[in-house]
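Below you'll find the structure, written out as C-alpha cells, and then a few comments.
Residue numbers (my numbering): 1062 to 1450.
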C-alpha cells in the first residue's frame, strides 16, 4: 500500500490522541456554579419596572424549588484518570480501524496491488486472488470492474455458467456496452450446450447494433448459425470477425479454417442451408482524403436502384478506422422490413461531421446501386468527398 497512506493515518490518529488525552486536563470550572438565589436576583432585576405581584411570584417559585443557601459554592476540580484516557485512545484506534475495514477501500487497495503483480504470480496465487475478488464482488455487487474481471476470467477458463452470472449482474446494473452484451450472449450460448436462447440472440444483435465489429457478438452468432446449419450466415459473421485480426495471425488463420469448413458444408449437396439474411459492406475513402475519427458513418440498405426514402436497414458507427467493415442483416432492419426478404439492394454510405444523416450533411458519400443479399464477398463502396464541411 502507498506509504503516504500510513503516514497521514498515523498523523491524524496522533492529533486525535492528543485531543483525547490533553483536553480533559483543561476541563475545569473556573467560577462557582449558579444557584436558585442567583436566578432570583437576576429575575428581580428584570422585573423592577413590573408589578410587585410578579416579583413575589418569582420568589415563591424559588422557595418551591428548594432551600436557598447563601454559602458560597465550591468549584469542584476536574477528575482526570490516565487509565480512562488510555482506554479512550485504544477505543479510538479500534473504532477507526474497524470503520475503515468495514466502509473503506483497504481490501480494494490490496486487490489492486495483487493485480499489479499478477505477471509473477503462480497459478495458486491467481486462484486465491480470484476467490478474494469474488468475495469482494459479493460485498460490493455494484462494482462493475470486479464483475467484468470475474466474468471475463471464468469465460476464458471454460466456466461460462459462472461468467454469465457476473455479466447478468452488469447488465442489470445498466452496463450495456457492446463488449458486455456480446460476452453475456457468448457465456449463455456456451453454458446452454451451444444452444442460442432468444435472450442471448437479442443481446448479441443489440451489441452489433451498437458496434457492428463487436467481436464476442460476431463469434457467438457465427457459432450459433453454424450449429443451426445456417452456414452462409456463419460465413458472413466469421468473415467480419476475421477482418479484425491481423493477417497471418493465429486468429486470422483459425477463422479462415472454420470459414472453409462452412463453405464445404454449403457445397455438400446433402446439406440443407438456410437462406442468407444479410451482407457485409466494406467502405474505403478516396485517395488523400481524411476523415475526423469522431465523425459519424451511416451504412444504409435501400431497394435496388433507389436512392431516397426509408431505408430497409441502417447501421451507425464512428469513423475510427478505414477501411470500414460493417455487416447488415435483419437485426438492423427498420419499420418492420426484413433485409432477408430482398434478393438485391442498393448500399449507400454517408460520413457526417454533425451526426445527422442525409447527403446534405455528408462530407463523403458513396453508393452501390445493386448488391446481392447473402453474398459471402463484402460489398465494396468507395467514398468520394462532397465538398460539405
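Glycine included, C-beta positions come from ideal geometry on N, C-alpha and C.
May I have the straight-line CA-CA distance separating residue i from residue j, to the nearest angstrom?
i	j	result
residue 1150	residue 1112	57 Å
residue 1422	residue 1411	9 Å
residue 1204	residue 1323	41 Å
residue 1241	residue 1145	56 Å
residue 1301	residue 1437	10 Å
residue 1080	residue 1102	39 Å
residue 1381	residue 1268	17 Å
residue 1073	residue 1235	39 Å
residue 1194	residue 1264	26 Å
residue 1200	residue 1166	12 Å
residue 1441	residue 1280	23 Å
residue 1209	residue 1231	7 Å
residue 1369	residue 1207	48 Å
residue 1155	residue 1083	20 Å
residue 1394	residue 1192	44 Å
Following the continuous beta strand (DSSP E) through residue i, name the residue where it begins and the one where it ends.
i	result
residue 1426	1423 to 1433
residue 1388	1385 to 1389
residue 1179	Where residue 1179 is concerned, there is no enclosing beta strand (DSSP E), given that its DSSP letter is neither H nor E.
residue 1445	1440 to 1446
residue 1316	Unbroken run through residue 1316 is the alpha helix (DSSP H), 1311 to 1328; no beta strand (DSSP E).
Is it true that the CB of residue j sits closer than 9 Å to the CB of residue i?
i	j	result
residue 1277	residue 1257	no
residue 1346	residue 1425	yes
residue 1400	residue 1340	yes
residue 1418	residue 1375	yes
residue 1342	residue 1307	no
residue 1384	residue 1349	no
residue 1364	residue 1403	yes
residue 1434	residue 1414	no
residue 1224	residue 1189	no
residue 1244	residue 1220	no
residue 1429	residue 1409	yes
residue 1197	residue 1169	yes
Please report the residue range of the alpha helix (DSSP H) in which residue i lies.
i	result
residue 1196	1184 to 1200
residue 1378	First-last for residue 1378: 1374 to 1379, but that is the beta strand (DSSP E), not the alpha helix (DSSP H).
residue 1288	1276 to 1288
residue 1260	1259 to 1271
residue 1301	1292 to 1303
residue 1216	1205 to 1217
residue 1340	Premise fails: residue 1340 lies in the beta strand (DSSP E), 1340 to 1346, not in any alpha helix (DSSP H).
Within 10 Å of its beta-carbon, does residue i have 16 or more other beta-carbons around it, so buried, or fewer, so exposed?
i	result
residue 1076	exposed
residue 1315	exposed
residue 1259	exposed
residue 1239	buried
residue 1254	exposed
residue 1070	exposed
residue 1354	exposed
residue 1275	buried
Looking only at DSSP bridge pairs, what is residue i linked to?
i	result
residue 1408	1362 and 1429
residue 1456	The requested residue 1456 is not part of the displayed model; the chain covers only 1062 to 1450.
residue 1437	DSSP output for residue 1437 lists no bridge partner at all.
Closer than 8 Å: is that where the CB of residue i sits relative to any heavy atom of the ligand ADP?
i	result
residue 1390	Absence of the ligand ADP from the depicted structure is noted, as is the absence of any ligand whatsoever, leaving it without description.
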